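Worksheet: the structure to be examined is printed underneath.
Chains as they are written, first to last, in full-length UniProt numbering: chain F, 1 to 442; chain X, 1 to 442.
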């Protein structure tokens, strides 16, 4: 794992200066980590790449290579793979496509290459993948157009394109990652191996996965069950319907399995399944921040409280609690939702919030705010942050409806690692998952 | 309707300079339309409000008042109502709360006031409401903290607080409104009346509604059915579950009805029901822009095409098509989703897009973009805008996954009135609703 995610030396076979090429993309991304490790570019047809000396082959490099990255046309991959094995590379990523995903000939070639690495006992990632990224070690061994910020979420994806877009999204949303792995055709290492690695990685607090098929279901359940006891695993499964399944077959070599079998396996393993890309990262982000705080809270018999300055938002939020199975607590001398009314000042909110958190059988509060004349989003945000510190085991989920005047407060809450929701359904979904995580970890 | 949404003269009874008060909020909002109409402030206890002369009562004003707004404590409302009737006000909004929503005494008082206006044949909005807004005529007769931009969506809401937050949201999202009505306790005019007004309003292309109860179901079905033939009506119903229902009862005077009866009524009336606040405005906005373009397209036997440069996004989008009942067309010589692969240039996208739109039995295209090395979001956006003009009857729904590097192109698409989605589910939901609208309008 060290050699793959924090190599001391990397060789890129297929490095080039050609604009818009995969070889240049990887070279530039690798170069970001030039202070962390030695980087070697291999290309027999050019003398320099990114103004650095190139090598005609990996054999020419006189140093031990921890990680070899192969990005040459499919027809050359077998030969280059043999050279990497001969050179004793620590592990290898094959970026190149043109294998099992293209038909029978590609499948045969992939099998031969897979056997070469297996025989030499060298871990292989790919082929037909984007590569791997470890922002904590400034390793971007991929051709993604950007590098994400370091964070707590490991994202394992059968799709490289999805990783590209998620990185672009994460830079706008200030979302950080611990690891990113595009695992492609799984000729060597597969999803189960990467799950195990993310499980061991100390930076990773939550594991997010996009997959279309699982190759070894029994192993998956075994490995995922173990990890899910410590770290939440959130999965989006593509190809769950006839139309999606048909699409998945032409996209990867995978024969997408039956949705019900998958969902049953996920449930058995204690994995949370989501249905949208937005939910995958909403849930991952919130759980990365909130779950550690939830440790040790006795939940039996307890429920959530809704605190609001707008009746309708209380109603809609209560509706979602009913739908998603989030139990509402009985609040002493108040209704639940507790409506502090439209003229509620931050002081009123604070008093109510403290009263709720002090009540032993209330496990968390959904703090709803609409933007009325007396509403002070900034003060409300500060109160939430302060009060959450006093009651670290009782999650406060801020639900701030608004836009322009709400933005600064929303950003403050996000920076404080508390998250902030704009849609009642999202806040309640997180409340329901926090309950689930508690059930899982018992 | 003219007198309510575009009055030539307005009197505010309860105008004040007191910071943070409802009376000041309305006064300031009204003042924004000082070039459009005459504005009179009534307050027997102060000589000036916003540096303008005040009147001791509405009787003192020597001009005919189109719209009287009452914002005084509940106990004074009856007396002031009588004065408004005597002065022959064209219509009246009672902002004040403290009526049917507070219990039996308030209900009795509300009934008396309601009868006063009925006897004098003066239309009444409220009590217990935020007011009304018509951005096209610079009328903000409410205490909302801001004024929205003019646009095509009428928003009718039982909740005033929701309107406040929606305005703040709309300013960030560049969303415009034709009318906004907080209809409160419906002592005079009710939802059905406002639906009829929005139906007649030429600026309104789509009607979005938040409600907890409908007071006259038969009338609702009759009125909504007629309007829905011309303009889409999108409704979010609060209080659909036991918990939400209980919350609704303590929030308004409403006894929230059974969710199934409501859903059946909505379906009978051709009204689209959504389940989240986000969907209410996502659907409203997209339909305001797209529905007019859809006129005249024969849909029988036709289906949608998915065009993508990322296999996984094609798979996820196809999954959602299966789930939401969006039929996928057979594409000549290609799969559907049609995967133009990760190195697709804008030229490749354009060629494929034109081929799809030319195929007669393809009714629309979901244009999926992931942000890979060769992807040019800006060029792709321009191609979509240009091509949509060539084929105005075939909607192209852009689904651009990303963030920082995608933002400029997303904004361009939104400015062009095409909308842009970041989540496959959202794009497919809109595709499904465009189908529904076609079915409705036949």
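Note that CB positions come from ideal geometry on N, CA and C, so glycine has one too. Every value quoted in this text rests on a predicted model; they were computed, and no experiment measured them.
Give me the residue from the options with the minimum Cα distance to residue i.
i: residue 280 of chain X; options: X:163, X:404, X:194 and X:386; result: X:163
i: residue 366 of chain X; options: X:320, X:304 and X:325; result: X:304
i: residue 92 of chain F; options: F:107, F:104, F:71 and F:109; result: F:71
i: residue 357 of chain X; options: X:243, X:173, X:393 and X:130; result: X:393
i: residue 33 of chain X; options: X:369, X:204, X:180 and X:6; result: X:6
i: residue 58 of chain X; options: X:334, X:39 and X:170; result: X:39
i: residue 27 of chain X; options: X:13, X:155 and X:422; result: X:13
i: residue 425 of chain F; options: F:377, F:323, F:371 and F:175; result: F:323
i: residue 81 of chain F; options: F:119, F:53, F:420 and F:54; result: F:119
i: residue 174 of chain F; options: F:415, F:420 and F:422; result: F:415
i: residue 278 of chain F; options: F:407, F:423, F:379 and F:221; result: F:423
i: residue 266 of chain F; options: F:187, F:241, F:236 and F:276; result: F:236
i: residue 418 of chain F; options: F:404, F:396, F:408 and F:64; result: F:396
i: residue 380 of chain X; options: X:115, X:350, X:25 and X:391; result: X:350
i: residue 288 of chain F; options: F:152, F:62 and F:340; result: F:152
Quick one: is residue i buried, meaning 16 or more other Cβ sit within 10 Å of its Cβ, or exposed?
i: residue 88 of chain X; result: exposed
i: residue 2 of chain X; result: exposed
i: residue 295 of chain X; result: With a pLDDT of only 49 at residue 295 of chain X, under the threshold of 50, the placement of this residue in the model should not be trusted; the figure read from the coordinates follows. It counts as exposed.
i: residue 103 of chain X; result: exposed
i: residue 46 of chain X; result: exposed
i: residue 56 of chain F; result: exposed
i: residue 128 of chain F; result: buried
i: residue 405 of chain F; result: buried
i: residue 51 of chain F; result: exposed
Quick one: residues in its chain with C-beta nearer than 8 Å to the C-beta of residue i, no 5 flanking neighbours on either side, listed in chain order?
i: residue 216 of chain X; result: 190 and 192
i: residue 106 of chain X; result: 74, 98, 99 and 100
i: residue 270 of chain X; result: 224, 225, 228, 229, 233 and 440
i: residue 254 of chain F; result: Residue placement at residue 254 of chain F cannot be trusted, given a pLDDT of 49 that sits under 50; what the coordinates show is reported in the next sentence. 158, 212, 213, 239 and 248.
i: residue 326 of chain X; result: 303, 304, 320, 428, 431, 432 and 435
i: residue 169 of chain X; result: 175 and 281
Taking only beta-carbon atoms, is residue i less than 8 Å away from chain X?
i: residue 402 of chain F; result: yes
i: residue 54 of chain F; result: no
i: residue 302 of chain F; result: no
i: residue 423 of chain F; result: yes
i: residue 431 of chain F; result: no
i: residue 374 of chain F; result: yes
i: residue 277 of chain F; result: yes
i: residue 242 of chain F; result: yes
i: residue 258 of chain F; result: no
i: residue 145 of chain F; result: yes
i: residue 355 of chain F; result: no
i: residue 158 of chain F; result: yes
i: residue 323 of chain F; result: yes
Using a Cβ-Cβ cut-off of 8 Å, state whether residue i counts as contacting chain F.
i: residue 73 of chain X; result: no
i: residue 316 of chain X; result: yes
i: residue 44 of chain X; result: no
i: residue 183 of chain X; result: no
i: residue 319 of chain X; result: yes
i: residue 264 of chain X; result: no
i: residue 169 of chain X; result: yes
i: residue 309 of chain X; result: yes
i: residue 48 of chain X; result: no
What is the C-beta distance between residue i and residue j, in whole angstroms, given that I count them as a contact (C-beta under 8 Å)?
i: residue 353 of chain F; j: residue 383 of chain F; result: 7 Å
i: residue 374 of chain F; j: residue 20 of chain X; result: 6 Å
i: residue 402 of chain X; j: residue 165 of chain F; result: 5 Å
i: residue 29 of chain F; j: residue 143 of chain F; result: 7 Å
So, for residue i: in the same chain, excluding its five sequence neighbours on each side, which residues have a beta-carbon less than 6 Å away from its beta-carbon?
i: residue 125 of chain X; result: 93 and 189
i: residue 256 of chain X; result: The predicted model places residue 256 of chain X with a pLDDT of 48, which falls under 50 and marks its position as unreliable; any figure quoted below should be read in that light. Once the five neighbours on either side are set aside, the close Cβ partners of residue 256 of chain X are 212, 213, 239, 245 and 248.
i: residue 8 of chain F; result: 37 and 66
i: residue 167 of chain F; result: 144, 146 and 148
i: residue 337 of chain F; result: 306, 308, 314 and 318
Counting only the same chain and skipping the five closest in sequence on each side, list residues whose C-beta sits under 7 Å from that of residue i.
i: residue 198 of chain F; result: 154, 156, 179, 204 and 207
i: residue 138 of chain F; result: 32, 33 and 36
i: residue 78 of chain F; result: 109, 112 and 113
i: residue 134 of chain X; result: 5, 6 and 179
What residues from chain B crowd round residue i, counting only those whose CB sits closer than 7 Å?
i: residue 164 of chain X; result: As a matter of chain content, chain B is missing from the structure shown, whose protein chains are F and X.
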